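Chemist: Chains as they are written, first to last, in my numbering: chain A, 6 to 326; chain B, 100 to 743; chain C, 6 to 265.
Don't be surprised by glycine CBs; every beta carbon is placed ideally from N, CA and C.
Here the structure is a predicted model, which means the values were calculated and not measured.
Before I ask anything, here is the structure I am working with.
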Amino acid sequence: MAGNIWVLAETWRGQVTETALELMALGREVAGQLGVPLEAVLLGHNARPLASSLGAADTVLYADHAAFAEPTPEAGALVQLIKERRPHAVLVPWTNLSMDIGALAAAHLEVPFVNGCKDLKAEGGALVAQCVVYGGKLEAAVTATTTPALFGVLPGSRSADAGRVDKMPPVVDVAVIMPEPKVRFSRYLEPETGDVDITQQDVLVAVGRGIQTKDNIDLAEALAVTLGGAVCGSRPVIDQGWLSLSRQVGKSGMQVKPKLYLMLGISGAPEHIEGMKDAQLIVAVNTDAAAPIFNIAHYGIVGDALEIAPALTEAVKSKKG
Amino acid sequence: MTNPTATAILGIPGWVLLWVLAAVSIAVFSRRVIRYVRTLRRARPENRVDRIGERIGMFVKNVLGQRRLFEEGAIGLPHLLIFWAFVFYATGFAWNLLKGLLPPLPIPYPDEVGPMALAQEVFGALALLSLLVAAIRRYVFTPQRLERSRDATLILSLITMLLVTFLAGQGLRARLEPHANAWSPLGGLLASLFTGLEPRHAERMWLAMWWLHMITVLGFLAYLPYSKHLHLLASPFGVLFGALKPGGIPAASSGALRLEEFTWRQMLNGLTCAECGRCDRACPAFNSGTPLSPKMVMHHVKELVRAGGNGDFTGVAVKAEEIWSCTACYSCMQRCPVFNEHISVIVEMRRWLVAQGAVDKRLQGSLMNLQRYGNSFGQSDRARAKWTQGLPFKVKDARKEPVEYLWFVGDYASYDPRLQPVTRATATVLQQAGVDFGILYDGERNAGNDVRRVGEEGLFEMLRDKNLQAFGKAQFQKVMTTDPHSLHALKNEYDGLSVLHYTELLDELLRAGKLKPERKLDMTVTYHDPCYLGRVNGIYDAPRRVLAGLGVKVVEMPRHHSKSYCCGAGGGRVWMEDAPGVTERASESRVREAAGLSDVTTLVAACPKDSVMFQDAVKTAGLEGKLAIKDLMELVEEATRPSS
Amino acid sequence: MSVLVLLKMVPDVVEELEVSADGKSLDTSFLRTILNERDDHALEQALLLKERHGGKITVIALDAPDMDDVLFTALAKGADRAVKVTDVPEGLTTHAAARLCAQVIATGPGLLPVDLVLTGVQALDDLDGLSAPLLAQQLDFAYLGVVTGVAVDASGQGATVIKEYAGGVRGEFAVRLPAVLGAQAAEKPPRYVPVAKVRAAMKAQAIETVPAPGSGAGAALVEVQQMAKPVVSSHAEMLEGSPEEVAGKFCELLAKRGLL
């Protein structure tokens, strides 16, 4: 008799995250396939009301502790719960916030922690994860050899809306004994507020390594201005110091959902895709016809961004009159 | 005529006074010169006395013949005349000094020796005219980067003074001794100015002229090591100990921060520099607005040596952004009349910056790519020969079968998608002409020319070793390359390889009839001499003969042959972030120059980087549709394509 | 202050990656490996700490092709000691490799005590766990991952560590030493070291070797059923033509969607 399916319902600054809700949708599916209950693990402090968005679960295991008021990656609680309750599998969001917790817990319990899952399903009573490996160049179908097993699931596996069920499920209060922390949270460091909030833009022109030099970003700027939008960038461009941190899109940057996301010289690494996959219209320009971005974009142009961008600017200008 | 130092002045015998003045002047002069020599000796040794025959030849042509001065308008002949006047006047002065200090010596004064007096008169007059021309050039039509400094004014005045005092003296002597006029034509002419003077007044004036002349020269001598006229003393050595071939770099080192780490020849540059500004006028980095001024680099070296050579130089006196702006086009060194080696100093400083890891991130990325994949594009070395796909024939692998010509393709021609069609066209043309050629496939690495000029010697050695290993496995007779940068490195910095540029091979093929144009190209074009093909390796005619052989009309740009203007990609610049302060890119200036020629529709390049730089420049300069950029091979392919 | 940096090689994704004949693993015949980028950042962070606080850096790695070059490069950059673990079983997963490293650190020659262990927070060939948390758990050290900044306290007992979240937000933490930190990015990009310095290190310095403890890798925690190139469910509609033609099509596209 297989154990339950758990979802680690990560919270960020007082709210259950989108990724956690996506995992709820996935967990619901998988639990249904295995014919077992779905339980959500909620770790918080005075955060019981948050369970109301976790209605997709059959039960919410709620552990309250002052330590959970801050985002300190403490795995002790998860370890205790898994030891006590022996679930079949725990779905952990593969995000900066939760991957530590999952990895520490798995290390402590000496159980598998399958990385980078983009999908999960049950096949003959066992869970098979579809994992992204080698930066997305290959994919692997992976199973865990023992249970319980932890699965680190990438954002975007399902839609958050499908996972959000606004009904208060049964909540079980569980007691956890937290060890003396070796890591203490001090404070948040907010990003310098840029001049522009890219998450509010309808049009974004994104630049990647293919823009080649800082000066060439002017070409993107001209295009963005003509389209009534703003410039943003992938991690390499921000790391070079060519754009400020407030313009970074991706796993560690902003999540954006503009009406138009125009990509110049971005190859399509998974970390960047995470930040913009929900854009309504994605148009990509890249010199490499085999770039992974063309599998994500709606429209593609094979060419040099340094040639295409000015051409686009010209055409839009004349169209606008 | 009385002996000028036999008489007494203010009760002191003339020769005693002369001894005192001479001693002071020579002491002041020597002290400074000895200080300079001591400072130079603290720098690193360097062998510049090899191939002494060639060196003497260079000395004759460039010091005695003042050859490079003739490359700019109006100043060549005047400077030659001033130089030779100086030679005669210096001789005359030494002679005068000797006799003047030792009156009992049984030799005449120089102006008492007919031929010597004549030479001094003739050169003196010519020199005065030349000085006038030089002054007009410096003060009225001031060339860019030539400063009208107080020092320059003082020098011109002193030279004028010593010439005028001599000529006036000659005039006075002729007034007093008319029968000596045979050897003193000018003296005879000038004598008429002084006919109104009584003999004893004329004699007094003559004495005054002699003393004034001597004091002027002694003063000049003492001042010389402190002024830019130090180049008089230092530059003959600079030329004699100069670089025998263009395009070189300093001997292997780990870079220099302080004087002791530079070589004495590099530090000598500071003393030989006459601050004429020719280097700046030619420099693409300077003219496009970047912080680099080759003249200022030389000036900083001069200040370092003058100050006794203490303190950190690299990154402090000369800033990193100046050091990185150089495109290593060698225009500065080609124009410099005193054979200064600006690039040697810059590369030495770059080596130090690289040793500290002080390179911009983009350059770092390029160097890491070169190290790892052997090309700056960051693409796998296995993809180097992907350009061959799509050709209807197989390009031979020179490592597997013997070939006559080993074609060293180069990074840009192999990997840049804009250039791959030209590379394929090259293969097609060679195949058509029946040339037995092959490539090294993924055994080829970047030849390392620009890696060396960026200052990464260790990486250059690594690339060279890998390339030599690949050459070692291959069987071939000659190496041919489409890339001038690779040409330079393979020909001059890899031992014992016989290397041709593709234009030289095409020239041979066309002349031998192995390549026949099927049609005449009715075009009027202009040809850009690539830096490393033309200026550095002297290959100017082969490409032009090829164009002529295709029936193409070639119109030269104002800056042509050795004065060709760099596209700005060399010296590793194409691997770095943009230099600050650019007002007009070098490549844009060049395409504007080409577009300015009426009837010319096409700029022909013979270097992959040139093609790419000019194509981009045409766009940014708004010349699309007005000027086409084509590689020479594209024209050859068009002309020789078989009519179907 | 003593720092240990754990390095590992991963497949270089610049090359084409092929699946081997068994359909379950990477074809290693033409594989090139490169230092894990996050480990490079971990080394850089360690070097920055040494520049600020003094102390010693030891780099440690499991033997792999091209590992020696990487270790010498680390020494040339300023690491004091390089240790390579030899006789390593083939095909170790992240989990097994991390266990092995932990054993070597615990029992190996003068590797403990140490104040900080730095390694990349993840690598692109991780499948069954992350190295850093595993090391922390085995050594009973504190752990924090996705680290982008480290400052050691004057007392040497603790460190202030910056962790990265999404949206450009970061968190500041007080971490008790000894600790394992999973590096995301160093405070400065990894420095450049010229080839000449690496060659000099190869001549002047040596890599210590330690045989792998023979306790075996343990049972595998995950099993790969199949490995393949990603199935592309969709592909962008490509706009063809010259830049001007493409620009025209682009405008039509926007106009249709009311974006123009």
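Could you name the residues of the same chain whose beta carbon sits closer than 7 Å to that of Gly547(B), not counting the 5 residues immediately before and after it, in chain order?
Modeler: Excluding residues within five positions, the ones whose Cβ falls inside 7 Å are Phe559, Leu562, Arg563, Ala588.
Chemist: Using a Cβ-Cβ cut-off of less than 7 Å, list which residues of the region 327 to 353 of chain B approach chain C; keep chain order.
Modeler: If the cut-off is 7 Å between Cβ atoms, the region 327 to 353 of chain B has Ser353 near chain C.
Chemist: Output the distance between the C-alpha atoms of Glu44(A) and Val65(A), rounded to the nearest integer angstrom.
Modeler: C-alpha separation (whole angstroms): 6 Å.
Chemist: What runs of the alpha helix (DSSP H), each 4 residues or longer, lie entirely inside the region 611 to 658 of chain B?
Modeler: With a minimum length of 4 residues, the continuous alpha helix (DSSP H) runs that stay inside the region 611 to 658 of chain B are 640 to 648.
Chemist: Ends of the alpha helix (DSSP H) at Phe185(B)?
Modeler: From DSSP, the alpha helix (DSSP H) with Phe185(B) extends over 175 to 200.
Chemist: According to DSSP, which residues form a beta bridge with Ile216(A)?
Modeler: Paired residue(s): none; Ile216(A) is not in a bridge.
Chemist: With distance defined between alpha-carbon atoms, name the residue in Gly141(A), Gly161(A), Leu132(A) nearest to Thr148(A).
Modeler: Ranking the options by Cα distance to Thr148(A), first place goes to Leu132(A).
Chemist: Tell me the DSSP bridge mates of Gly187(C)?
Modeler: The partner list for Gly187(C) (beta bridge, DSSP) reads Thr124(C).
Chemist: Anything in the region 667 to 686 of chain B with a Cβ closer than 7 Å to a Cβ of chain A? List those residues in chain order, please.
Modeler: Those would be Glu676, Asp677, in chain order.
Chemist: Tell me whether Cys237(A) sits in a helix, a strand or coil according to DSSP, three-state version.
Modeler: Looking at Cys237(A) - three-state DSSP - the assignment turns out to be strand.
Chemist: Jot down the residue ranges of each uninterrupted beta strand (DSSP E) in the region 246 to 273 of chain A, minimum 3 residues, whole runs only, in chain order.
Modeler: Within the region 246 to 273 of chain A, the complete beta strand (DSSP E) runs of at least 3 residues are 265 to 269.
Chemist: Find the nearest neighbour of Leu338(A) within the set Lys325(A), Pro175(A), Val181(A), Thr150(A), judged by alpha-carbon distance.
Modeler: No answer is possible for residue 338(A): the residues shown for chain A start at 6 and end at 326.
Chemist: Helix, strand or coil for Asp105(A), going by three-state DSSP, please let me know.
Modeler: DSSP places Asp105(A) in helix when its eight states are reduced to three.
Chemist: Taking contact to mean at least 3 C-beta pairs separated by less than 8 Å, is the region 245 to 264 of chain A in contact with the region 134 to 146 of chain A?
Modeler: The answer is no - the region 134 to 146 of chain A does not touch the region 245 to 264 of chain A, with fewer than three Cβ pairs under 8 Å.
Chemist: Whole-angstrom Cβ separation of Arg236(B) and Arg247(B), contact assumed at under 8 Å?
Modeler: Actually they do not touch by this definition, with Cβ atoms about 11 Å apart.
Chemist: Figure out for me which residue from Gln243(B), Val521(B), Met675(B) has the closest Cα to the Cα of Glu171(B).
Modeler: Here the closest residue by C-alpha is Gln243(B).
Chemist: Just by C-beta distance, which residues in the region 171 to 203 of chain C are closer than 8 Å to chain B?
Modeler: Hits within the stretch, in order: Pro194, Arg196, Tyr197, Val198, Pro199, Val200, Ala201, Lys202, Val203.
Chemist: Below 8 Å on the Cβ atoms is my contact criterion, and I expect Val179(A) with Leu250(A) to pass it. Report the Cβ-Cβ distance as a whole number of Å.
Modeler: Wrong, their Cβ atoms sit about 38 Å apart, outside the cutoff.
Chemist: Measure the C-alpha to C-alpha separation of Leu149(C) and Asp207(A) and round it to an integer number of angstroms.
Modeler: The alpha-carbon atoms of Leu149(C) and Asp207(A) are separated by roughly 37 Å.
Chemist: Going by DSSP, what residues sit across from Arg192(A) in a beta bridge?
Modeler: Glu177(C).
Chemist: Is Lys460(B) close to chain A? Criterion is C-beta to C-beta, closer than 7 Å.
Modeler: Closer than 7 Å: yes.
Chemist: Between Thr22(A) and Gly246(C), what straight-line distance do the alpha-carbon atoms span, to the nearest angstrom?
Modeler: Their Cα atoms are separated by approximately 43 Å.
Chemist: Along the region 201 to 219 of chain A, where does the CB come closer than 7 Å to a CB of chain B? Name the residues.
Modeler: Listed in sequence order: Thr218, Lys219.
Chemist: Distance cutoff 7 Å, beta carbons only. Does Val19(C) sit that close to anything in chain B?
Modeler: Cβ-Cβ to chain B under 7 Å: yes for Val19(C).
Chemist: Within the continuous beta strand (DSSP E) that includes Tyr67(A), where are the two ends?
Modeler: Element bounds for Tyr67(A): 64 to 69.
Chemist: List the DSSP bridge partners of Arg262(C).
Modeler: Note: Arg262(C) sits in no beta bridge, so no partner.
Chemist: In terms of residue numbering, what span does the beta strand (DSSP E) encompassing Pro98(A) cover?
Modeler: Taken as a continuous stretch (DSSP letters only), the beta strand (DSSP E) holding Pro98(A) covers 94 to 98.
Chemist: Name the chain B residues whose beta carbon is nearer than 9 Å to that of Thr292(A)?
Modeler: In chain order: Pro516.
Chemist: Apart from the five residues just before and just after Glu279(A), which ones in its own chain have a Cβ nearer than 8 Å to its Cβ?
Modeler: Result list for Glu279(A): Leu159, Pro160, Gly161, Gly255, Lys256, Gln260, in chain order.
Chemist: What are the residues that DSSP puts in a beta bridge with Glu44(A)?
Modeler: In DSSP, Glu44(A) forms a bridge with Trp11(A), Thr64(A).
Chemist: Would you give the residue range spanned by the alpha helix (DSSP H) that Pro335(B) belongs to?
Modeler: Element bounds for Pro335(B): 330 to 339.
Chemist: Give the C-beta separation of Lys745(B) and Val673(B) to the nearest angstrom, bearing in mind that I take them to be a contact with Cβ-Cβ under 8 Å.
Modeler: Since the first residue shown for chain B is 100 and the last is 743, residue 745(B) is missing from the structure and cannot be characterised.
Chemist: Nearest to Arg175(C) by alpha carbon, out of Val119(A), Val176(A), Pro76(A)?
Modeler: When each option's Cα is compared against that of Arg175(C), the closest is Pro76(A).
Chemist: How would you list, in chain order, the residues of chain A whose beta-carbon sits under 8 Å from the beta-carbon of Lys13(C)?
Modeler: Per Cβ cutoff of 8 Å: no residues; Lys13(C) is ~14 Å from chain A at best.
Chemist: Considering only DSSP beta bridges, list what Ala121(B) is partnered with.
Modeler: Paired residues: none, contrary to the question.
Chemist: Between Thr252(B), Gly473(B), Phe265(B), Met100(B), which has its C-alpha nearest Lys327(B)'s C-alpha?
Modeler: Among Thr252(B), Gly473(B), Phe265(B), Met100(B), the Cα nearest to that of Lys327(B) belongs to Thr252(B).
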